[in-house]
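Q:
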Amino acid sequence: MSAPTQPPQFNPDLAREEAAVDPSQLVERREVGMSLEAPFYTSQEYYDLDIDAIFAKSWIFVANEAEIPDAGDYVTITVGRYSIIVTRDDDENVRAYHNVCRHRGARIINDERGSVGRIVCGYHQWTYGMDGKLVFADSQAPDFDPSCFSLRGVHARSVGGLIFICISNDTPPDFDDFAASVEPYLAPHRLREAKVAKQIDLIEHGNWKLTVENNRECYHCGGHPELLSSYFPVYGFDLDDLPARLVPARDRYVTAMAELVDKCETLSLPYAEIEELDTRPTGFRIDRVPLEKAGESFTPDGTAASKKLMADFPTPKLGRLGFHVQPNAWFHFMADHAITFSAIPIAPDQTLVRTTWLVHPDAVEGVDYDIDNLTAVWKATNEQDAGFVERAHQGLLSPAYIPGPYSPSEYQVEAFINWYIGRLRKHLAE
Ligand code: FES
Ligand code: FE
Numbered sequence: 047m048s049a050p051t052q053p054p055q056f057n058p059d060l061a062r063e064e065a066a067v068d069p070s071q072l073v074e075r076r077e078v079g080m081s082l083e084a085p086f087y088t089s090q091e092y093y094d095l096d097i098d099a100i101f102a103k104s105w106i107f108v109a110n111e112a113e114i115p116d117a118g119d120y121v122t123i124t125v126g127r128y129s130i131i132v133t134r135d136d137d138e139n140v141r142a143y144h145n146v147c148r149h150r151g152a153r154i155i156n157d158e159r160g161s162v163g164r165i166v167c168g169y170h171q172w173t174y175g176m177d178g179k180l181v182f183a184d185s186q187a188p189d190f191d192p193s194c195f196s197l198r199g200v201h202a203r204s205v206g207g208l209i210f211i212c213i214s215n216d217t218p219p220d221f222d223d224f225a226a227s228v229e230p231y232l233a234p235h236r237l238r239e240a241k242v243a244k245q246i247d248l249i250e251h252g253n254w255k256l257t258v259e260n261n262r263e264c265y266h267c268g269g270h271p272e273l274l275s276s277y278f279p280v281y282g283f284d285l286d287d288l289p290a291r292l293v294p295a296r297d298r299y300v301t302a303m304a305e306l307v308d309k310c311e312t313l314s315l316p317y318a319e320i321e322e323l324d325t326r327p328t329g330f331r332i333d334r335v336p337l338e339k340a341g342e343s344f345t346p347d348g349t350a351a352s353k354k355l356m357a358d359f360p361t362p363k364l365g366r367l368g369f370h371v372q373p374n375a376w377f378h379f380m381a382d383h384a385i386t387f388s389a390i391p392i393a394p395d396q397t398l399v400r401t402t403w404l405v406h407p408d409a410v411e412g413v414d415y416d417i418d419n420l421t422a423v424w425k426a427t428n429e430q431d432a433g434f435v436e437r438a439h440q441g442l443l444s445p446a447y448i449p450g451p452y453s454p455s456e457y458q459v460e461a462f463i464n465w466y467i468g469r470l471r472k473h474l475a476e
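In this note's numbering, the protein residues as written are 47 to 476.
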């Protein structure tokens, strides 16, 4: 549906009234093709709703298997009022538990990451096995049954080495079909065996949806000079209907894509686009596309950042496998390294963006790769994106804000919002 060309005139009295409107009313009157109304981004009530309806009920990407390579390794993740321990049990299975003691409810682990033989509560030392079972609780009554006090589990699944959790007790949205679709694309990159070369946490001063919306379009990519050195700036555009300034890039892209397709066919690497952004509970998009210049990697000159490739690829020039998943993750997989991104809400106006660079497990920093060269493009790009998100959030805080139209190249932003509104609608009806 096309957006109206004449937006309504600003009415400050109406804007003040809208800030107090019940979420179900704003969900129902949401106008397709237009950005959301301000309370979705600025109000504490809507933020709490997002945690309950979106982050607690969807599969969300929270860590890489490479972050917990050995049994007993863990990371803790905070999502709204939830704290989750993501770990590996003694059989090396990925597990997740609520970070809430079954004694009197204390937060069990305060550290963000570490390695343990058992999960021990820091209050009265109740001790749990890596399978979540209570194995020690001092000075209990004779009839105390430890089997009744296991840690409360959280659904956890890995696809290709990427760990997703679903916090809700209810049956989570189907993961198997999603995993079966994307695993063949991810498996050749051997992410389960990879090594974390670098992880950077960035706090963006904006609502989490602005972070994700910003990720889902390249309309603003003129603000990313480092990224544009290795990225064809035609992402999201109709190649047959491009602005004149993008036609030379389109021609280079078409040639590079033909070469990449030949290579993928030879190596049996999946490359075809799958785009199911708002048609399923775990909406996603995946495809393999070429990169500019040397075409090997996201580095300032486009050459591979790591001499050791992620797997036994015969060439470093395999473009970029791009992947994003609703609601909170996006990824780039190249022949020589991979980059994963998760966005986790902290407050209505704060979002944690965690970026992780993965390399071959035997790649040695300073020998096979230079960490500054490896991270330069996306470190700069993330900081620029944080600026865009903050700018967007500040504008939305003004009573003068009214929704505006998405451009055709922002169709993935619109698809994300369609997915989001659909999930809210389902939650509100339950
Ligand atoms: Fe954890 Fe007491 S609250 S041991
Ligand atoms: Fe950007």
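Quick reminder that beta carbons are idealized off the backbone N, C-alpha and C, glycines included.
1. Relative to the alpha-carbon of Pro391, which residue among Asp247, Ala446, Asp136, Ser227 has its alpha-carbon at the smallest distance?
2. So for Cys264, helix, strand or coil by DSSP?
3. Would you identify the three-state DSSP class for Ser343, choosing helix, strand or coil?
4. Within 10 angstroms of the Cβ of Glu305, are there 16 or more other Cβ atoms? Answer buried if so, exposed if not.
5. Flag this pair as yes or no: are the beta carbons of Phe462 and Leu274 separated by less than 8 Å?
6. Taking a contact to mean a Cβ-Cβ separation below 8 Å, would you say His19 touches Ser343 in this structure?
7. Give, in chain order, every unbroken run of the beta strand (DSSP E) that is at least 3 residues long and sits entirely within the stretch 124-182.
8. Asn419 and Thr345 look like a contact to me (Cβ under 8 Å); what is the Cβ gap, rounded to whole Å?
9. Please report the distance separating the alpha-carbon of Leu237 from that of Ala351.
10. Going by DSSP, what residues sit across from Ile463 in a beta bridge?
11. Would you kindly work out how many angstroms separate the C-alpha atoms of Leu72 and Glu83, rounded to a whole number?
12. Which of the three DSSP states is assigned to Thr51 in this structure?
13. Give every residue of the same chain whose Cβ lies closer than 6 Å to the Cβ of Phe210, excluding the five residues on either side of it in the sequence, and list them in chain order.
14. Using the beta-carbon of each residue, find all residues closer than 7 Å to any heavy atom of the ligand FES and list them in chain order.
15. Can Asp431 be considered in contact with the ligand FE, in the sense that its beta carbon sits closer than 7 Å to one or more heavy atoms?
16. Please state whether the Cβ-Cβ distance between Asp135 and Asp177 is less than 8 Å.
17. Taking Glu322 as part of the beta strand (DSSP E), name the residues at either end of that continuous run.
18. Going by alpha carbons, who is nearest to Tyr87 out of His473, Val413, Arg437, Val293?
19. Could you please give the first and the last residue of the uninterrupted alpha helix (DSSP H) stretch that includes Asn428?
20. Considering only C-alpha positions, which residue in the set Ser129, Arg164, Cys147 is nearest to Phe101?
21. Mind checking whether Glu250 and Thr397 have CB atoms under 8 Å apart?
22. Going along the chain, which residues of its own chain have a beta-carbon closer than 8 Å to the beta-carbon of Gly412, five neighbours each way excluded?
23. Determine which residues share a DSSP beta bridge with Lys246 and list them.
24. Taking 8 Å as the threshold (C-beta atoms), are Ser81 and Glu263 in contact?
25. How about Thr427: is its Cβ closer than 7 Å to a heavy atom in the ligand FE?
26. Taking the straight line between their C-alpha atoms, what separation do you get for Ala109 and Asp68?
27. What whole-angstrom Cβ distance do Pro234 and Leu315 have, given they're in contact under 8 Å?
28. Compute the Euclidean distance between the alpha carbons of Trp465 and Val459, then round it to the nearest angstrom.
A: On the basis of the supplied data:
1. Asp247
2. Looking at Cys264 - three-state DSSP - the assignment turns out to be coil, as it is neither helix nor strand.
3. coil
4. exposed
5. no
6. No statement about residue 19 is possible, as the shown extent of the chain runs from 47 to 476 and does not include it.
7. The qualifying runs are 128-134, 140-144, 159-161, 180-182.
8. Confirmed, Cβ separation roughly 6 Å.
9. Rounded to whole angstroms, the gap between the alpha carbons of Leu237 and Ala351 is 17 Å.
10. According to DSSP, which records beta bridges pairwise, Ile463 is partnered with nothing at all.
11. 8 Å
12. Residue placement at Thr51 cannot be trusted, given a pLDDT of 49 that sits under 50; the coordinates are not used to answer.
13. Trp105, Phe107, Arg203
14. Cys147, His149, Arg150, Gly151, Ala152, Ile154, Cys167, Tyr169, His170, Gln171, Trp172
15. yes
16. yes
17. 320-322
18. Arg437
19. 417-443
20. Closest option to Phe101, Cα to Cα, is Ser129.
21. Contact: yes.
22. none
23. Per the sequence presented here, residue 246 reads as Ile, with Lys not at that position. Answer by DSSP bridge pairing, in chain order: Thr401.
24. no
25. yes
26. For Ala109 and Asp68, the distance between alpha carbons rounds to 34 Å.
27. Between Leu315 and Pro234 the Cβ distance is about 6 Å, and since that is below 8 Å, they are a contact.
28. 10 Å
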